Every structure is written in structure tokens, then in C-alpha cells.
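As C-alpha cells, the structure follows; a few thoughts come after it.
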Amino acid sequence: MVKLFCAVVGEQGSAFSVKIDASESVDDLRNMIRDHPQFGHPNSKMELFLAKKGGAWLTENEVKGVSDTSGLKHLDAARAKLRRVGLSEEKMVEVDEDDEAAGNGLVNVLVVVPSDDVVVPVSVPVAVPTGPEVDLRSCDHLLAFLESEMKNKAAIVSRPHILAQESLEFRLVGREQAIETASKCFKNIITHASRTASDRIKVAMPVCSGISGLGKTRMLEEGGTILERMKLNPNHVARVIVPYFNGFSPQSVERSMPIEASFSWRLLYRFFLDMNCDREFDEWFELRLPRNGAQLKLKRAVRVIERKLRDKLQEPATLYLYLGVDEYQKIEKIGAQRKDPNTSLLRELVEAIGALLCLKSSSLVLLPMFAGTDLGVIESSSIANSSYYVTERLPMYLLSMDQVFSIVESNSSYAGLLSHAQICRDLFVLGGVPRWVVEYLTAVKNTCVQGEPVNLDNINKCFVAVWTKYVAYFLRSLETPQLVRLAAFAVSGQTVDPHDTFHGKLKWSRLRDSSLCLLIPRTSSKSGEHDVRVPYALLENIGSRGAKLATDAERNFASALNDIRNMVDSTLFDLQPWQSWEIFGACFYAVRINALLALGYSTVTLRDLLPGTLMSDETSGISVKLAPSRVIRCAGAFGASTPPLIPRKGNRLETIDWTSGGYIVVNDDGGACVDIFFALKDTTGRVVVFVDQRKRQFGKFEPSHAKAYLGKLSVCPDFLVASGARLVRGVMNCVSPSNLATYVVPDDCFVLSRAETEQFHGTLAYHPACSPVISINSACKTALKTVFQGDAKEVD
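Reading the sequence shown from the start, the letters are residues 1 to 796 in full-length UniProt numbering.
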């Protein structure tokens, strides 16, 4: 949420503020201004302008004298996101209280209304309930009214689920920590329920927050799983979810009542009447909601629910009502009457529920959970902020690729789709966000004809549809400079501390909590160091933004990412797996180097350039100067006779000075031993030549193998030997388990085994070309063994 101060051009009144999510549109802001009680033109066709001149915000004193808007940015694109037109929280500037008191507080938006518009507030008619009057002080009367509306008086929560059945068929994966945290919250609520009053901090309500598609609604659906783990008697538990979308959007009648009453009626409708009365939600609210409905309190609504449950149970046991609130960010759009104009409707509702938890008012224990999106920088007043004292954020992170594949494997109807290479590649691109994955798989499955192979054209159409619907929208909502920085960290090999600052006031922990990235503790490093992971969709998108980026370093980084797309992704089915592996390796070196440059590094040690590889202390301490790098394929084989100028494959007339820095070279197909080579300079100006050999060692990767392979890499071009160049040799084996614990790696060498490949490659460790493919149908037994995990006996 961002707090914007607005002023009307030509009027002397004080500026007024509105709170709105920066992902909302200019048109949404226009509507919010129109509805503000201090704005005297509710029926006006207003125009909006950014209150900024010369890069500085105008003050309240300055806007009083503004009579025209020439030179100001016209906010005329109705669908434009506020964060894209300069109205994100990061663009806001604070002044001290003395300046504010003197009228020098900053204004963000200037509003222009037609000159003939009347400056007298026009009353906007508010719909009022038209149903029968009900004695809301009496549980008997309220229950009788609700039962008179029910088709089946014995039924409750006739529609328990919000999600479609096909979505629920996929196993919930990667949410163990979230479920455990929610369980602790509920246990604390139950523990304090027997007391007459409780400290709010001890009855914190769990909140699922993050980007759309993260699985927040699915977490609400798992209320039963959470309560089962708490070993509560299922006969004493009722579950209901109150949504604010898909048929439950804000109703005009809700503007006539407080948010507590509005929510209470939504709760009662979901519990008693949804799929159990003659009218849909919107029609019932319009025609049947009692005319005195604004007087309803949440406490009374919960007691009526308890009364109904008690009648069914016929025993005095403690009852539990699991209450999910979905899409909490849309509650502000209800437009309900506020108790305090400076308090959001969402906070009023949370405090009403929190107050109910703190009172011993019945033998029914309320167990609430909120879910909603909260993308971007989360301000301190947000419900999802960890400093908000009556809520606790659940750890809802992006899924790893292992977890994504587990989702597919959990459903027998879909598991077979993993046999298709293109589907696996698409899952990799969509990885991390459950809804993107589930909708893609569902779409592909729906195109399948029983007994026939999956059509590649249909697979591609399904992918494009999901990308357009979800991924493209998500990526457009991010600020490009921050996106580039985040992606650079994810492939740089650098670690971060969650408590450190990412950008401005934004900490890494907030990025993680907003589900823009994963932070994975690095076990081999000191406490607090985490590796950054992002969905591949972010990297692919940055590759397409190259021309729009601000600095050469950012553009070089984007070009390197685009090389992966053009040289690896687009050729996966045209090249042999080992060829894709080599080209990917070269592209990865270029991405790593350019990412470090984009983050401001000019010199790094080999420990930082090649994290996770085995090397001696002397080797790890070598410092090299980075140079913007691109990938080329050479037409000649690397060896002692390799010259400074090498011909590019496919165009031998074009030669490249590969030792000047800036080129990662893929050796020609006939080149022995060396697959990739490139050169950098150390801090003294000495040339350091890196040679990389990719080995598909099947079975155990033993010290003898490493020694033999490194020995074959000792050849360096004669002209470099004569100039005193340093040769650094590397062996990459991402296939076999290693047995290198006792192996002493020689100086000027590095070795990467399968166990360290994720630390080395980071976010790209799950790329289909990160390791060579093993054909299940044609590979030998020794090769097949490398696919399985376990001891030798288990694998045999």
C-alpha cells in the first residue's frame, strides 16, 4: 500500500490522502479520489497529474498557487499501474513534522476538475438493505431467519471448498513449515481461550501473504489438515472460508454498514446459505439482507453458528470454528463505513476478530486465518507485516523444482506427462509458483486424446496461454532495476543475509516473504548466509528486456541470459544432450561474470567466481578482473597451437581475440579434452586461462578419475606459455555421486561433483541442460544407476 496526498487545482482546501496498492491502476486511483469525503466533486470527469516538477514533489503551499498543469506528467492511461507512473512507495519522500506543520508537506497527485463543476459535495446514494427486519440481539430470532432461508435446515457449509476439485487433486507440497506455524498459532489461541482476557500478542492470527498463485487459497483449504495434526476431534470442528472473489465481490449494500457487520453477514451466508438457498450471494445481499443488518456484531454471528453446531452435536464439548478469509487485499474495496477515517477497513476487521479471540465469550473457539496478495514493499500498516502485533506471517515461499515435480508425481492422472521433455522444460520455466504449474498441467491434460501421444502444438499453446495469463502480468508489476538486481544475485553465487537491505528500505526477508525469491541457507558457510533462488521465468524475461535497461552492465547481463534462451533452450531437441551441456556451461560462465559486474563487482576471487567447487586455498584466493562476456563457438580445436585470434564457427573469416577478455569459447567438436575455455587477467595483469572439461563419469566419481581427467588438461597455447600465463584446469561432473572427501585437489585446479552442482549453479541448477540427459531406454546399467539415490545395495 502507498499513501498518496492529493490536491485539487484551484481550491484552497487542505490536501487529502488516499491509501492504495501501487499495483492498482490510474483508473482505480481516480475512483478512490472520487469517493473520498473531502473531495467535493463525486460526479466529476477529473484529470490527474503527477505533482512533480524538476524531479521534486510539490508542497501543499506550492500547489495552492498552481493554476495550470503545463509541464506536469498527465496520468491519462487508465490501465497504467501506479508503480509504473511514479507512484510507488519507493518514490515517496518524507519531510519532518515541522515542515508538515508549516504547510510544506509533499503532494503527489494534482486533480483537475472541469471549470464549470460545482464545488459543493454531491451526495451519492448508497444502497441499503431491503430485507425483513430481524431482532439481531436474539440468537433465536437470527437463527430462525437464517433457517427460513435454507433449503435444507440440517445442512451447514454446503460448499466447503473455494478451489475447483481438479486443483485439490494435486498434493500440497513444500508447505510443511507453513502448516507447522499455523498449528502453533492455533494451539496458542486454544490455550488462551479459557481465560477471561488475553494479551493479543499471544493470540496472533496466521496470515498467508504473497504473489497471486503461490498457493495461499490452497493453504486455507488445508485447514482440516492443520486441525487433524492438532488431534482435534473432527466431530467438534467446523470449517468455513469467506472469500472476496469469484462470485463474492463487494456489494453496494455493504457500503451502508461497518466492515464488522458486512463481514458477519458474509460469514453467515457462507455457513448457512451458500448452495443451500434460492438466491446467489449478490442477489441475497440485495434482496434478503435484513434492513437493520448494519447492527450485526461478529460476536453475535459466531454465537448463532455455535448454536447451530450445538444443536447438531447434542453434547457440551468445546467446539472449534476454522475461519479462512481469502483475498484480504480486496476488503478495502468494500467501501464500508469506517470507525476511523485514518484506519483501513482491513485493520478494523482484523482488530474486531482479534478482540473476539481475547474474550471468553462462548464455548466455541474461533481459529482464523487470512490469505491475500501483498506484492512489493509492504508498508508498516499492512496486515501481512510481521510487526503487526495480532498476526503472524506464514512462511509461504516459492517451490523448488524438486517440489514442482513432486506435485505432478502425486497425481497418477498427470505423472505420465513428465515423460515429455517439452513439458519438463515448461515446468522449469514456470517453476516455483504452484498455480502456474497446475493450470498448465490441467490445460495440457484437457487436450490429450486417450491412447494418442500428446501433441507438441497443444503443449506450446497451453504454455503460451498460462504465460500470458499469469507470468507476463506478474513480471510487468515489478520495477525493472530491482528485477535485474534480484536476478543477478540469483546467478552470481553471492550469498545474502535476510536482515540486510536489498534496495532502499526493502530487506531481503521482505522479498522472501513477498515470494519474489527463495532464500536457501548455505550449509557450508557461516550462519546467516543464504543463496538466492528465483523462478526461471524472471531470468528469461530479463533476457528479453536488454535494450530497455539503463546501464551497460545490466544490458550485458541481459544479453548473457538471452544467450541461454537462444543457444540452449531453443536447441534442446536439435542437439545431443552432451552438446547442450557444453553450451549451457559456457553460457553459465558468461551469466555468472556479467551478473557480478551488474552487482558492482570488478574483481573477485575464484572462491566467489566458482562457489561449491573443490580447490586448494591458494587457488581459491586467486583474484581476477572481470570483463563483460559473451559466448562464441570456435572453428578450431584448443591446444598448444591455438593462436590469439581464433575463427568463429560458421564464419571462419571472422576472428576473435579470445585472450583480451570478454569471450567464453566453446571448443570445436573435434577438440580433445577441453570443452570450454576463456581468459581473464589477475590483479597484476597476468593472463589466467580457464579450461573446463565436462565428464559423464558413470558409477562413483573417484579421486583416480579426477586425477586422470585433470592430467589431460595440462596443455596451454604456446604463445601464452611464453608470456607466463597461468592455466587453471577444471573438471565438471554433474552425473555421478562423488567419493572425493579425501582427495587433495592440486593447485590451479577445481573439481565440481554432483553434490555441489546446486551451490555452483544456483537458480540454474535445475535447468534441463545443466547435466547431460541419460536415456532410460538405451543407457547401460551403470549409467542408469546414477539416476537413483541410495546406497549400493538399494540401487542394485
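We treat Cβ as the ideally placed atom computed from N, Cα and C, and that holds for glycine. Since this is a predicted model, take the numbers as computed values, not measurements.
- R137 sits exposed, since fewer than 16 C-beta atoms from the chains shown fall within 10 Å of its C-beta.
- DSSP places H236 within a helical segment (H, G or I) once states are collapsed to three.
- In chain order, A22, E89 place their CB closer than 6 Å to the CB of V2, counting only its own chain and leaving out the 5 sequence neighbours on each side.
- In this structure the region 620 to 629 does not touch the region 573 to 582; the number of beta carbon pairs closer than 8 Å is below three.
- Within the same chain, A487 come within 6 Å of L538 by CB-CB distance, once the 5 residues on both sides are set aside.
- Within the region 504 to 555, the runs of alpha helix (DSSP H) at least 4 residues long that lie entirely inside it are, in chain order, 508 to 513, 536 to 543.
- Residue environment for E452: exposed (fewer than 16 other C-beta atoms within 10 angstroms of its C-beta).
- For the pair I20 and R652, the Cα-to-Cα distance works out to about 59 Å.
- Your pair P258 and K339 checks out as a contact, with CB atoms roughly 7 Å apart and the cut at 8 Å.
- No residue range can be given for T373, since it is assigned to no alpha helix (DSSP H) and is classified by DSSP as neither H nor E.
- Remark: fewer than three beta-carbon pairs, one from each stretch, lie closer than 8 Å, so the region 539 to 546 and the region 507 to 517 are not flagged as touching.
- Remark: fewer than three beta-carbon pairs, one from each stretch, lie closer than 8 Å, so the region 211 to 228 and the region 295 to 310 are not flagged as touching.
- Annotation: G335 to E254 spans about 7 Å, alpha carbon to alpha carbon.
- CA-CA distance, S641 to R694, rounds to 22 Å.
- For W581, the closest alpha carbon among the candidates R592, L597, N594, I564 is that of I564.
- In this structure, I656 lies near I646, with their beta-carbon atoms less than 7 Å apart.
- Considered as a whole, the region 676 to 752 harbours 703 to 711, 718 to 722 as its complete alpha helix (DSSP H) runs of no fewer than 4 residues, in chain order.
- Looking from the CA of H161, the closest CA among F263, E228, E11, V325 belongs to V325.
- N446 has its alpha-carbon roughly 12 Å from the corresponding atom of V438.
- Sequence-distant Cβ neighbours of P206 in its own chain, meaning closer than 6 Å and more than five residues away, are A182, C185, M369, E392, L394.
- If you draw a straight line from the Cα of V491 to the Cα of V128, it comes to about 56 Å.
- Contact check for P521 against G431 fails: the beta carbons are separated by 7 Å or more.
- In the DSSP secondary-structure assignment, G324 is bridged to I241, M369.
- Residue environment: G213 is assigned as buried (16 or more neighbouring CB atoms within 10 Å of its CB, all protein chains considered).
- Secondary structure note for N667: it is in no beta strand (DSSP E), with a DSSP letter that is neither H nor E.
- Comparing alpha carbon positions, the residue from V66, D552, P316 closest to F49 is V66.
- Where F170 is concerned, there is no enclosing beta strand (DSSP E), because DSSP gives it neither an H nor an E.
- If you check the CB distance, N235 and N152 do not come in under 7 Å.
- Distances from the alpha-carbon of R175 to those of L346, Q403, G621 put Q403 closest.
- Contact check for F474 against G612 fails: the beta carbons are separated by 7 Å or more.
- Within the same chain, and ignoring the five residues on either side of L296 in sequence, the residues whose Cβ sits closer than 7 Å to its Cβ are L136, A261, S264, W265.
- For V18, the enclosing beta strand (DSSP E) covers residues 16 to 20.
- Positions of the alpha helix (DSSP H) runs, each at least 4 residues long and wholly inside the UniProt domain "Crinkler effector protein N-terminal" (2 to 111), are given as 26 to 35, 60 to 63, 97 to 101 in order along the chain.
- For V454, same chain residues with a beta-carbon under 8 Å away, outside a window of 5 residues either side, are L417, H420, I423, V444, T447, C448 in chain order.
- Between V591 and A560, the C-beta spacing is below 7 Å.
- In the displayed model, T613 falls within coil according to three-state DSSP, outside both helix and strand.
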